[in-house]
Structure formats: structure tokens, C-alpha cells
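**Student:** In numbering that gives the first Met the number 0, the protein residues as written are 0 to 188.
We put the CB at the ideal spot given by N, CA and C, even for glycine.
It should be emphasised that the depicted structure is a prediction, and the values quoted were computed from it without experimental measurement.
Could you have a look at this structure, given as C-alpha cells, before my questions?
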Amino acid sequence: MSEEMQIVSEDERELVLRKLVAAHEGYFNVTKQYEYASCVFPAYAEFHSHGEKYVLTKKAKLWEVDAHEYLFFQVVDTLTLADVESWVEFMTTEALKKVDPVPNHMNSYISLVLVANSVDDAAKKAIRKSRFHKEFGFMASRGWADLRLAAIDLSEKCVLTNAVGKEMKAALEANAGIEPSKKGLFQRR
0 MSEEMQIVSE
10 DERELVLRKL
20 VAAHEGYFNV
30 TKQYEYASCV
40 FPAYAEFHSH
50 GEKYVLTKKA
60 KLWEVDAHEY
70 LFFQVVDTLT
80 LADVESWVEF
90 MTTEALKKVD
100 PVPNHMNSYI
110 SLVLVANSVD
120 DAAKKAIRKS
130 RFHKEFGFMA
140 SRGWADLRLA
150 AIDLSEKCVL
160 TNAVGKEMKA
170 ALEANAGIEP
180 SKKGLFQRR
């Protein structure tokens, strides 16, 4: 971390969290002060989608699928490598229990957004490299689950994500009031 980093107040973290939660309330079922597996989260959100295709009548169903997202929000002071490892462990064991691979289950995202005053370099690398994919049933016949991980570093005004979490990056930047990253398609990352 550089010495030039700004000191971010606790109020700014809470403000960013409130903005993120408000942005999700239109599409997700949001719960504030959510307790799960001995952890308290300032906010938690669930999204469920059902799709089906049929011919002429609903009784002649060709297919139906369900997709889900389980999104946990947490506020921390400084995010370290040990913190990231601990949160990934929590998400891939405890949060994964939220996934119910019933016959129509297609996919579920277990997502975590961490709002931090600062993120150390080892944690940044761990976030980018974190991967988790689990298939249910023979040859994923009951769908799959992926981990989406994102951290908002308020001291550097940036959003960090793992590969699957990149889908969330633009929305998190917009709702947290962070300028979008300027990296183009052909620039080195």
C-alpha cells in the first residue's frame, strides 16, 4: 500500500453499502442485518428466476429452468490475504449450502461483495485468482454453482473481482460512485 492512500471514514463504507443495497432492492429480496452460519452480514440479497418453454398449452412443457443468486455484503476495515482466504472458505462451504440442486436447477451464483477501506496487494491477487465451480448430478444434470467475489477498495477507488465476478464490476462501480476502469480491450491487465 502506498503512503498516499486516503483515509476512508467508516461513514463512507456505510454510505457505499447503503447505495449498493438500494440498487439491489428492485430485483432482489434484501434482508438487512442477516445472520447466517454464525456470521452477521449488514445485508444479504437473493434473486430467483424461472424460465420455461411449452408448445400450445402449458401442459406440453419442453423445458424449464431455475437460476439463483445468493449475495452477501460485508464491510471491513483492511482486507488482507488471510481475510480473503477465510471468506472464500466460508462461501464455498457455508454459503454453498443455500444452493438446492433440484431437477430444474440450472445455475446458482454464491456472491460476496466486500466494502473495504483498503485492500492489501496479496489480497488483491487472491481475489483475482479465486475460483470455485461445483457441478451437481452426473455431468451437471442438476446444474452448477459458481463463486462471484468482489471487493470495493475505497482508498484506491476501485473494484476488484474474480473472473466470474467481472459481470458485477460495472454495476458495483456505478452504484459505489467509482469511475469505471479505463482499460480497453487490447491493453494489458
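1) For S37, count neighbouring C-beta atoms within 10 Å of its own C-beta (all shown protein chains included) and say buried if the count is 16 or more, exposed if not.
2) Whole angstroms are fine: how far does the CA of S154 sit from the CA of M90?
3) Note down, in chain order, each residue of its chain lying with its Cβ closer than 7 angstroms to the Cβ of L150, except the 5 sequence neighbours on either side.
4) Name the DSSP beta bridge partners of Y26, please?
5) Got a sec? Which residues, its chain only, sit under 6 angstroms from H132 by beta carbon, not counting five neighbours each side?
6) Where does G142 land, buried or exposed, given buried means 16+ other C-beta within 10 angstroms?
7) Could you tell me the alpha carbon to alpha carbon distance between A21 and Y33, rounded to whole angstroms?
8) Report the three-state DSSP secondary structure of I151 (helix, strand or coil).
9) Terminal residues of the continuous beta strand (DSSP E) containing N103?
10) Please classify S48 as buried or exposed, where buried requires at least 16 other C-beta atoms within 10 Å of its C-beta.
11) Using a Cβ-Cβ cutoff of less than 8 angstroms, which residues in the same chain neighbour A170 once the five nearest sequence positions on both sides are dropped?
12) With 9 angstroms as the threshold, decide whether the Cβ of S117 is near any Cβ in chain D.
13) Keeping to the same chain, check which residues put their C-beta closer than 7 angstroms to that of L61; ignore five residues upstream and five downstream.
14) According to DSSP, is S180 part of a helix, a strand, or is it coil?
15) Please classify A162 as buried or exposed, where buried requires at least 16 neighbouring CB atoms within 10 angstroms.
**Tutor:** Taking the geometry as given:
1) Flag for S37 reads exposed.
2) Cα-Cα distance, rounded: 25 angstroms.
3) Reading the sequence as shown, one finds Ala at residue 150 and not Leu. Within the same chain, A150 has close Cβ partners L78, L113, A115, V118, I126 and L159.
4) DSSP output for Y26 lists no bridge partner at all.
5) Answer for H132: D145, listed in chain order.
6) G142 comes out buried.
7) Straight through space, the alpha carbons of Y33 and A21 are spaced by roughly 16 angstroms.
8) Reduced to three states, the DSSP call for I151 is strand.
9) No residue range can be given for N103, since it is assigned to no beta strand (DSSP E) and is classified by DSSP as neither H nor E.
10) Result: exposed.
11) If we look at A170 and ignore the five residues flanking it on each side, its Cβ neighbours are A22.
12) Looking for chain D here will not work: only one protein chain is present.
13) Scanning its chain for C-beta atoms nearer than 7 angstroms, with the 5 sequence neighbours on each side dropped, one finds around L61 the residues K52, Y53 and V54, in chain order.
14) If DSSP states are grouped into helix, strand and coil, S180 belongs with coil.
15) In this structure A162 is exposed. Its beta-carbon is surrounded by fewer than 16 other beta-carbon atoms within 10 angstroms.
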